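Take 1 as the starting number for the sequence shown in UniProt numbering and just add one per residue. Just so you know, even glycine gets a beta-carbon here, dropped at the ideal spot from N, CA and C. These numbers were taken from a predicted model, which means no experiment stands behind them. Have a look at the structure below before the remarks.
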Amino acid sequence: MARTSVSNPATSAPAERAAWLRAELERANYAYYVLDQPDLPDAEYDKLFKELERIETEHPDLVVPDSPTQRVGGEASSGFEPVVHDQPMLSLNNGFADEDIVAFDKRVGDALGKNASEPPVPVDYAAELKFDGLAISLRYVDGTFVQASTRGDGATGENVTENVRTIRSIPLKLKGKRVPHVLDVRGEVLMFKRDFERLNERQRAAEQKEFANPRNAAAGSLRQLDSKITAQRPLSFFAYGIGVVEGIEMPATHSELLDWYKELGLPVNGERAVVQGAEGLLGFFHTVGEKRDTLPYDIDGVVYKVNRRDEQDALGFVSRAPRFALAHKFPAQEALTRLVAIDVQVGRTGAITPVARLEPVFVGGATVTNATLHNEDEVR
Numbered sequence: 001m002a003r004t005s006v007s008n009p010a011t012s013a014p015a016e017r018a019a020w021l022r023a024e025l026e027r028a029n030y031a032y033y034v035l036d037q038p039d040l041p042d043a044e045y046d047k048l049f050k051e052l053e054r055i056e057t058e059h060p061d062l063v064v065p066d067s068p069t070q071r072v073g074g075e076a077s078s079g080f081e082p083v084v085h086d087q088p089m090l091s092l093n094n095g096f097a098d099e100d101i102v103a104f105d106k107r108v109g110d111a112l113g114k115n116a117s118e119p120p121v122p123v124d125y126a127a128e129l130k131f132d133g134l135a136i137s138l139r140y141v142d143g144t145f146v147q148a149s150t151r152g153d154g155a156t157g158e159n160v161t162e163n164v165r166t167i168r169s170i171p172l173k174l175k176g177k178r179v180p181h182v183l184d185v186r187g188e189v190l191m192f193k194r195d196f197e198r199l200n201e202r203q204r205a206a207e208q209k210e211f212a213n214p215r216n217a218a219a220g221s222l223r224q225l226d227s228k229i230t231a232q233r234p235l236s237f238f239a240y241g242i243g244v245v246e247g248i249e250m251p252a253t254h255s256e257l258l259d260w261y262k263e264l265g266l267p268v269n270g271e272r273a274v275v276q277g278a279e280g281l282l283g284f285f286h287t288v289g290e291k292r293d294t295l296p297y298d299i300d301g302v303v304y305k306v307n308r309r310d311e312q313d314a315l316g317f318v319s320r321a322p323r324f325a326l327a328h329k330f331p332a333q334e335a336l337t338r339l340v341a342i343d344v345q346v347g348r349t350g351a352i353t354p355v356a357r358l359e360p361v362f363v364g365g366a367t368v369t370n371a372t373l374h375n376e377d378e379v380r
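In structure tokens:
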């Protein structure tokens, strides 16, 4: 149901009016991105935003760091500064076949001693989507957004704070009563399919190169040296993990963590469930697979995490991945096309590589026009 913005008269003092406008715009963002219940028409939102811009231009002393107007981008940067993650952003081990998932559940159950019971006690897992985007870390200090960084190599990423500040679904100020002193939120920047199509429409109208797929568009937008360009790109964000947290007791389970994130005003995807054992994991995977093509964003699998945080701690990590989590990837997508020609490329060492030239075919979120061939037998 649409709201009208008349509860604070335009005749208010500038400071009072600006404060009300900021609160109303952030409330509308929360309703749209977190609750998925938009209640303020776009035209009304734009009208309030322009009014706030005007007031802050006329009264620069009223500008605050978490104002919605600070999302429009600033001066272009000459490069991205490195950021060392206080807690590494680890990758996940992958599973592909049902047998991989059964084996994962058995390893977890054995390590936690649940399989020694008679009958065995099933493990509770938090199951969620694996987005086809870019992992980032957001840092909040006393509820205020202060930094964003890419995953990088897991230990060190790049500072993309000014670009991420332009993403409207990311709150610049956390809400609620349980706001920690320091909070590192892990999540994914992505581009919805409808937004990707609109972006490419603009690219065509401007006679500029189109993006191959939403992931490439999101990656290119996030790593712009000019944050004003990023501000024009329709990026979105979902929170799904945590790094450093100080000043508050952590929720006992991963599912409760995501519920808490929603209370703080962070966008959390609703396609998630708590399931038990391998049967529950596979059931979630196949349910998601059936509706994959109808989702408004691209995914390339699902992610399973042991739900209880004390059990996560007991399982720990191996190499660069947690023992308590697994990414279950969808099978590679296939498509049929026509071989147009075979070119031969000679490398600097004299190695000969045949390259197949193909009729363009869209597969796996990208348009493929050539493919490397490894030897004569494979060409045949």
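Identified DSSP bridge partners for residue i
| i | result |
| --- | --- |
| Y30 | Paired residues: none, contrary to the question. |
| D298 | DSSP, once it has assigned bridges, lists no residue as partnering D298. |
| residue 381 | The chain is shown only over 1 to 380; residue 381 falls outside these bounds and no answer can be derived. |
| S149 | S137, N159 |
| E188 | A135, F238 |
| T166 | The partner list for T166 (beta bridge, DSSP) is empty, contrary to what the question assumes. |
| E211 | Residue identity check: residue 211 is Phe in the sequence provided, not Glu. F211 is not bridged to any residue. |
| L183 | Y140, V245 |
| T353 | Q345 |
| D124 | Q276 |
| L25 | L25 pairs with nothing; no bridge assigned. |
| A371 | A356 |
Opening and closing residue of the beta strand (DSSP E) in which residue i lies
| i | result |
| --- | --- |
| F253 | Rather than Phe, the amino acid found at residue 253 in this sequence is Thr. Element bounds for T253: n/a, residue is neither H nor E. |
| L134 | 134-141 |
| G265 | Neither: G265 is in no beta strand (DSSP E) and is coded neither H nor E. |
| residue 390 | For the chain, the structure presents residues 1 to 380; residue 390 sits outside this window and is missing. |
| V344 | 339-346 |
| A239 | 236-246 |
With 16 other Cβ atoms within 10 Å as the buried cut-off, status of residue i
| i | result |
| --- | --- |
| Q87 | exposed |
| I299 | buried |
| residue 414 | The chain is shown only over 1 to 380; residue 414 falls outside these bounds and no answer can be derived. |
| S12 | exposed |
| S319 | exposed |
| T253 | buried |
| Q224 | buried |
| D377 | In this prediction, D377 has a pLDDT of 49, which is less than 50 and means its spatial position is unreliable; nothing more can be read from the coordinates. |
| L336 | exposed |
| D195 | buried |
| R117 | Contrary to the premise, residue 117 reads as Ser rather than Arg in this sequence. By the neighbour-count rule (16 or more Cβ atoms within 10 Å), S117 is not buried but exposed. |
| F237 | buried |
| L257 | buried |
| V306 | buried |
| H59 | exposed |
| V244 | exposed |
| V361 | exposed |
| I248 | exposed |
| V379 | Because V379 sits at a pLDDT of 49, beneath the cut-off of 50, its placement in the model cannot be relied upon, and the following sentence gives the value as read from the coordinates. With fewer than 16 Cβ atoms within 10 Å of its Cβ, V379 is classed as exposed. |
| D132 | buried |
| F211 | buried |
| L35 | exposed |
| V346 | exposed |
Distance between residue j and residue i (C-alpha atoms, nearest Å)
| i | j | result |
| --- | --- | --- |
| I170 | Q312 | 27 Å |
| D102 | H328 | It should be pointed out that residue 102 corresponds to Val in this sequence rather than to Asp. The alpha-carbon atoms of V102 and H328 are separated by roughly 11 Å. |
| V6 | Q232 | With a pLDDT of 47 at V6, under the threshold of 50, the modelled position of this residue cannot be trusted, and the question is left open. |
| F49 | T156 | 36 Å |
| Q208 | R198 | 13 Å |
| T166 | S67 | 11 Å |
| R308 | D105 | 14 Å |
| F145 | A111 | 38 Å |
| K177 | E246 | 15 Å |
| D100 | L281 | 11 Å |
| N216 | V141 | 31 Å |
| M89 | V340 | 43 Å |
| P65 | Q37 | 26 Å |
| V189 | V344 | 39 Å |
| A19 | L174 | 16 Å |
| Y32 | F80 | 31 Å |
| S227 | K291 | 35 Å |
| P331 | A23 | 45 Å |
| N242 | E201 | Going by the sequence as given, residue 242 is Ile instead of Asn. About 36 Å. |
| T353 | G113 | 52 Å |
| S137 | G277 | 30 Å |
| L21 | F324 | 44 Å |
| A135 | G154 | 10 Å |
| L40 | P119 | 53 Å |
Boundaries of the alpha helix (DSSP H) in which residue i is found, first to last residue
| i | result |
| --- | --- |
| T287 | 277-291 |
| D42 | 42-58 |
| P82 | Note, P82: premise wrong, no alpha helix (DSSP H); beta strand (DSSP E) at 82-84. |
| A314 | 309-315 |
| S67 | No alpha helix (DSSP H) holds S67; DSSP gives it neither H nor E. |
| A231 | 227-231 |
is_contact[residue i, chain B] using C-beta, thresh 8 Å
| i | result |
| --- | --- |
| L336 | The structure shown has no chain B; it contains just one protein chain. |
At least 3 beta-carbon pairs within less than 8 Å: the region 245-261 vs the region 177-187: In the pairwise beta carbon analysis, the region 245-261 is classified as touching the region 177-187: at least three pairs are separated by under 8 Å.
Cβ contact (3+ pairs, closer than 8 Å) linking the region 279-296 and the region 110-128: A contact exists between the region 279-296 and the region 110-128.
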